[in-house]
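Residues -19 to -1, 1 to 480 in mature numbering (1 follows the signal peptide of the UniProt record, and there is no 0) are what the sequence shown lists, from first letter to last.
Glycine included, every Cβ here is placed at the ideal spot set by N, Cα and C.
Everything numeric in this text was worked out from a predicted model, so none of it was measured.
Please read the structure below before turning to the comments.
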Amino acid sequence: MRKFLVLSLLIFFSTSIFAQGEKLTLEKAIRLALKNNLDIQISEISYKQAKNNVYSALGIYDLKFDLTAEHQDSTQPPRTLLDASRSVQDFLNFSLTQKVSTGATVTFTTTSYKYKTANYAFSFLNPVYGTTFKLRVDQPLLNGFGKKNVEYQIKVNRHMEEKAKEQFRQQVMNLIEETSSSYLDLVYAYKNLQVAKDSLKLAKEQYNITKQKIEVGTMAEVEIYQAEANLASAEQQLIEAQNLVQQTEDNLKKLLNIKENQWDIVFEPDYKLEFTPQKINPEEYIKTALKKNPQIKIKKIENQISKLDVLFKKNQKLPSVNFYASVAYAGNNAIHTYDNEGKPIVIPGSLGDAIDMALDFDNQTWIVGINISYKFQNRAAKAAYKNAILGEKSSELSLKNTIYTITVNVKNAIRNVKAAERAYFAAQKTRILREKDLEAEKKKFVNGMSTNFLVSQKEDELAKAKVNELNALVKYKKAILDLEKQAGILLDKLNFKID
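As structure tokens, then:
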């Protein structure tokens, strides 16, 4: 069996996958439904948005880069002989910030500057170059500490992605079941049409036989009226069967959301309607439903989200206790050396000399500290935590209720399949007996031992038996579809995959 990739591939199906004169298979009908159904397209978009939300939540671990470049030129009236009337300063700062799973924020900063003054007489270094390298760590110790709290939104979004996927699966299964059911109605209508044609053929044969008998004088002329009435009744049934075909065809076209310019296309089904026995183990079907039914999986996901919410809201009640530590190394362009007489002097260097001095790690500044913040009433956090607990209890009750509902639905679906199976066998047996009964009555008629009325009665009974058999078989097929949907395995049975 072919494998279908539902979701991304739906939009790539060709616009016209069904042409005039081509028979419609169940596979093509399902493809058309998936391609054209607007709810499926909306659900597909929601699923993609949920996936993007996971990617967005991972943004807390994005490495952040900041850069500041500044030039300052200042002229001021000097207050003393030591003051410079003009100064020029260039400033360059860039930093890298990274969040880690413990909740800590690590920041590396480097700052470089150039300061130049107009008062050359009192400046040993003019311009002055300076560089500082700084590493700082900010770590929350209570509120916001740990991977569970840091990645809370990531985990929630991942669960929401799974929920969106299950909601999409549910919509796809509902649409496939509805499409398959409508398609089976069309199959039934065509089979019913064939029964009506066969009945008309039998009525014509009986009319011709009656006419011949009257012509040869072996039957009274009044018998022709019964034969003509039977023929007219068969023609009426054929008209009704043709109308049923058109109605079911239009219903299927509406479900498939066929474009207006394609409504004239005839949907003739290409489907072998036959009985396929099913081995049903109720315990296995219930066990499978509890694992695969999208409604149960959605409720389980919601329960997992509520548990995450409880843990996160509980942590949010704690006071904010943040530990921070930093270490910095600085350097400038002052080169300390000695003159010819051995006296210490300072020679101005370049920015590179300032960087080299900082990288010698001799001029160190380190800071360690702690910051504490606490709301005494803390009412908002406490209320949020209580609501989270209530939400968890609600989700657990909802999950239990859904499990109970699906279990009952599966049991009912299994009973419906078994009942439909017995009904089909009974209808099949009835049809076989009606065929034999009609054959016997026709032999009597040929031998002059029966009447047109009795033969036509047997023909009507056979036609009804055939229709009942078709109806029972279609109901059996629909019952299996419902069981597979309730068990959450409808897509697996059709080999559909959601990617």
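- The segment 101 to 159 is shown to contain whole beta strand (DSSP E) runs of 3 or more residues at 109 to 121, in chain order.
- Residue 309 sits close to residue 115, with the two beta carbons spaced by under 7 Å.
- Assigned with DSSP and collapsed to three states, residue 355 falls in coil, not helix or strand.
- Three or more beta-carbon pairs separated by less than 8 Å link the segment 265 to 283 to the segment 462 to 480, which places the two stretches in contact.
- The beta carbons of residue 329 and residue 106 sit about 5 Å from each other, so the pair counts as a contact at 8 Å.
- For residue 333, the enclosing alpha helix (DSSP H) stretches over residues 332 to 340.
- Per DSSP, reduced to three states, the secondary structure at residue 248 is coil, with no helix or strand assignment.
- The Cβ neighbour count for residue 51, taken over all protein chains shown within 10 Å, is under 16; the residue is labelled exposed.
- Take residue 472, set aside five residues on each side of it, and the residues of its chain with a beta-carbon closer than 8 Å to its own are -14, 150, 153, 154, 157, 478, 479, in chain order.
- A direct Cα-to-Cα measurement between residue 92 and residue 312 gives close to 10 Å.
- For the pair of segments examined, the segment 352 to 359 was found not to touch the segment 423 to 432: the number of CB pairs separated by less than 8 Å stays below three.
- Annotated three-state conformation of residue 76 is strand, per DSSP.
- For the pair of segments examined, the segment 36 to 53 was found to touch the segment 76 to 91: the number of CB pairs separated by less than 8 Å reaches three.
- The DSSP-derived three-state label of residue 47 is strand.
- Residue 188 and residue 437 have their alpha carbons spaced roughly 10 Å apart.
- Three or more Cβ pairs drawn from the segment 452 to 462 and the segment 251 to 265 lie within less than 8 Å of each other, which places the two stretches in contact.
- Restricted to the segment 250 to 313, the beta strand (DSSP E) segments that are unbroken, complete and at least 3 residues in length are 301 to 313, listed in chain order.
- Three or more Cβ pairs drawn from the segment 161 to 176 and the segment 209 to 227 lie within less than 8 Å of each other, which places the two stretches in contact.
- Taking C-beta separations shorter than 7 Å and ignoring five residues to either side along the sequence, the partners of residue 365 in its chain run 294, 297, following chain order.
- The segment 178 to 249 is shown to contain whole alpha helix (DSSP H) runs of 4 or more residues at 204 to 236, in chain order.
- CA-CA distance, residue 229 to residue 167, rounds to 5 Å.
- Two segments are said to touch when three or more pairs of C-beta atoms, one from each, lie closer than 8 Å; by this definition the segment 401 to 415 touches the segment 435 to 454.
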